[in-house]
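Below: the structure, in structure tokens.
Residue numbers (our numbering), protein chains in the order written: chain Z, 1 to 316; chain W, 1 to 316.
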């Protein structure tokens, strides 16, 4: 399946990047965009991620591919609204951060027989909105695919070809497995960052603390620059995994605390083990992708001075 | 004071960067290097961070500036050894990661009247060794200065001029204050990273976890690539601050856990508050320094594919 008429519902960073990637793969594709924010929609059009702004009804009419890229929290109401409007043969995919709840909504609210394949590209930036969109955002990235139990085989094949056309690697897993894994690799790191700057920022010494903070602090707080609404939705739709993962992480921190408090003889070995795990992970990542296949995320240089140039300012 | 004959004891990343910065400020300076590792010493010479390799006795003879850049754990024995060898008028500075213990050793083991000013440049990379040395490493960085109580005024003035000649900003504080603050901005972020990859790496699902991990995981685990020996020394010489800081951080994580478990209505506001703290911190950083004043740390691009090129490999 080569999509020719596409509806993108939600034209933020991911939806607009999908639009640009579709155009790059097939310039003749016609893309209609819909977004609750008129500003997002206009900017998506101005960066040529969509060809035209449309109502939901108009966007969906005759679409052979429907991409749902709103925050997860907006999807239930959207599924209710689009259910009666979906062309029967369209491939319907989403890009939401959590999958179990989204798949339940799809099963309950979309028409029987819908060709729905849940998805989640493991790529992104902390910058939000269509202006940060990038046709190459997904190149070399893993794209999780979570088919609805009733999805026909050809819908799965179409979804694979679609994400491969973006340069991404399809990775099938079930919704609960997905949500458990992203709690570990994405949601916990975000919460770690929030808790770090959150508790320091409330202390009387914050001004002095901030004066001394440098590169290491920049790395471990960078994720706080993500979209708060997206992570509030994630917390609500992946609550049990997050609570369990935070408990496991706290157990590990307390074990490390006790080792330090007790002057454990093996501290260097513990630290060395973490360094090797990290090096192995990087080596595996590097093997899995080409040199142009990674995400052009900001450097520490730009993290530390970016607000001079407005890139990380509060005016977004 | 313009140093003319310098001894650098410990020619790793920081010691060798000091050598390059001294040469850049005053090309005629003569630098003798000493390191317990003959390999470090040869590489420091080959990158021209030192002019010659020397014994301790030879390095210290006639030196007007002595820079001690070994890991903190090696300093006690080194102080004992250099005590009888220090020229009486030399300015003696260190660059160790913690200060209270170092100042006690300096007070106990160095000769009365020694012109010792403790220091700690808030700059670095996870890469270690002389090959990563950079004459501009300290430009725009805060350089903590912690004078020994008995240090004369002119020694303090000399230390200020020295770090200013590297483009760094002197920042005076007492040793206990320093150690408390760096526990927050540097040591806790490292331990957070170690605990993240450490507890995930022991789980049966680690292979799947690693497959999905992307940019956000790269940021929050990057610090694990630091020198394990350096952080083992830090844990031993800053134990009480680390234990207290870990307890405070765990309290914050558990409060966040409870808010998520209880579907707190203000999750988005909590996340937004962290985002604003981070943006304010970046804005303050940016104000305080010039565009060439930040540290050229690796990009996420290089973090994710760097091991292809050996930069982050285990062969360091």
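The beta-carbon is built from N, C-alpha and C at its ideal position, and this holds for glycine as well. None of these values were measured; they are calculated from a predicted model.
Note down, in chain order, every chain Z residue with its Cβ under 7 Å from the Cβ of residue i.
i: residue 281/W; result: 210 and 213
Give the interface partners of residue i over in chain Z, defined as CB-CB distance under 8 Å, in chain order.
i: residue 194/W; result: 256, 270, 271 and 274
i: residue 201/W; result: 273, 274 and 277
i: residue 28/W; result: The contacting residues do not exist; residue 28/W stays about 31 Å from chain Z at best.
i: residue 160/W; result: By Cβ distance, chain Z contributes nothing, its closest Cβ being about 17 Å from residue 160/W, past 8 Å.
Excluding the 5 residues preceding and the 5 following residue i in the sequence, name in chain order all residues of the same chain whose CB lies nearer than 7 Å to its CB.
i: residue 200/W; result: 206 and 209
i: residue 116/Z; result: 92, 106, 110, 148 and 151
i: residue 47/W; result: 16, 130, 131 and 133
i: residue 10/W; result: 35, 68, 69 and 70
i: residue 103/W; result: 118, 146, 148 and 175
i: residue 26/W; result: 2
i: residue 12/Z; result: 40, 69, 128, 129 and 130
i: residue 165/W; result: 25
i: residue 231/W; result: 190
i: residue 85/W; result: 56, 57 and 60
Output needed for residue i: all residues of its chain with C-beta closer than 6 Å, excluding positions within five of it in sequence on either side, in chain order.
i: residue 15/W; result: 8 and 69
i: residue 20/Z; result: 49, 133 and 135
i: residue 24/W; result: 135
i: residue 101/Z; result: 237
Just grab the DSSP bridge partners of residue i for me.
i: residue 118/W; result: 146/W
i: residue 92/Z; result: 66/Z and 116/Z
i: residue 172/Z; result: 145/Z
i: residue 128/Z; result: Paired residues: none, contrary to the question.
i: residue 30/Z; result: 5/Z
i: residue 53/Z; result: 33/Z
Going along chain W, which residues have a C-beta under 8 Å from residue i?
i: residue 182/Z; result: 212
i: residue 250/Z; result: 250, 253, 254 and 257
i: residue 15/Z; result: Within chain W, no residue comes near residue 15/Z; the closest Cβ sits about 19 Å away, beyond 8 Å.
i: residue 197/Z; result: 274, 277, 278 and 281
i: residue 71/Z; result: By Cβ distance, chain W contributes nothing, its closest Cβ being about 11 Å from residue 71/Z, past 8 Å.
i: residue 170/Z; result: Chain W residues near residue 170/Z: none, gap ~12 Å exceeds 8 Å.
Can you give me the Cβ contacts of residue i inside the same chain, cut-off strictly under 8 Å, excluding the 5 residues immediately before and after it?
i: residue 159/Z; result: 91, 93, 117, 119, 145, 147 and 170
i: residue 197/W; result: 221 and 224
i: residue 216/Z; result: none
i: residue 58/Z; result: 32
i: residue 168/W; result: 121, 123, 138, 139, 140, 141, 142 and 143
i: residue 54/W; result: 7, 32, 33 and 34
i: residue 267/Z; result: 259 and 260
i: residue 278/W; result: none
Could you list which residues in chain W have their beta carbon closer than 7 Å to that of residue i, in chain order?
i: residue 350/Z; result: Residue 350/Z is absent from the model: chain Z starts at 1 and stops at 316.
i: residue 284/Z; result: 210
i: residue 260/Z; result: 235, 239, 242 and 243
i: residue 267/Z; result: 232 and 235
By the criterion of Cβ-Cβ separation under 9 Å, what are the contact partners of residue i in chain W?
i: residue 163/Z; result: Residues of chain W passing the Cβ test: none, with the nearest at roughly 14 Å.
i: residue 263/Z; result: 235, 236 and 239
i: residue 18/Z; result: Near residue 18/Z there are no residues of chain W at all, since even the closest Cβ is about 17 Å away, more than 9 Å.
i: residue 6/Z; result: Residues of chain W passing the Cβ test: none, with the nearest at roughly 25 Å.
Check your understanding: Can you find at least 3 beta carbon pairs, one from the region 130-149 of chain Z and one from the region 167-182 of chain Z, that sit closer than 8 Å?
Key -> yes
Point to revise | Near-chain W residues of the region 91-113 of chain Z (beta-carbon distance less than 9 Å), N- to C-terminal order | key: none
Practice item. Identify each residue in the region 34-68 of chain W for which the Cβ-Cβ distance to at least one residue of chain Z is less than 8 Å, and report them in chain order. Key: The residues in question: there are none.
Review point. If contact means a Cβ-Cβ distance below 7 Å, which residues of the region 212-246 of chain W contact chain Z?
Key: So the list reads 212, 213, 214, 215, 216, 217, 219, 220, 221, 222, 223, 224, 225, 228, 229, 231, 232, 235, 236, 239, 242, 243 and 246, given in the order they occur along the chain.
Exercise for review: With 9 Å as the limit, tell me which residues of the region 125-152 of chain W have their beta carbon closer than that to any beta carbon of chain Z; keep them in chain order.
Suggested key: The residues in question are 125, 126, 140, 141, 142 and 144.
Review point. Quick check: the region 261-281 of chain W against the region 211-226 of chain Z, are there 3 or more CB pairs under 8 Å?
Key: yes
Review point. When the Cβ atoms of the region 181-190 of chain W are set against those of the region 180-187 of chain Z, are three or more pairs found closer than 8 Å?
Key: no
**Study point:** Given 8 Å, three or more beta-carbon pairs between the region 153-167 of chain Z and the region 189-197 of chain Z
**Key:** no
Point to revise | the region 254-265 of chain W in contact with the region 237-256 of chain Z per 3-pair CB rule at 8 Å | key: yes
Point to revise | Residues within the region 73-92 of chain Z neighbouring chain W, beta-carbon criterion of under 8 Å | key: Of all residues in the region 73-92 of chain Z, none has a Cβ within less than 8 Å of some Cβ in chain W.
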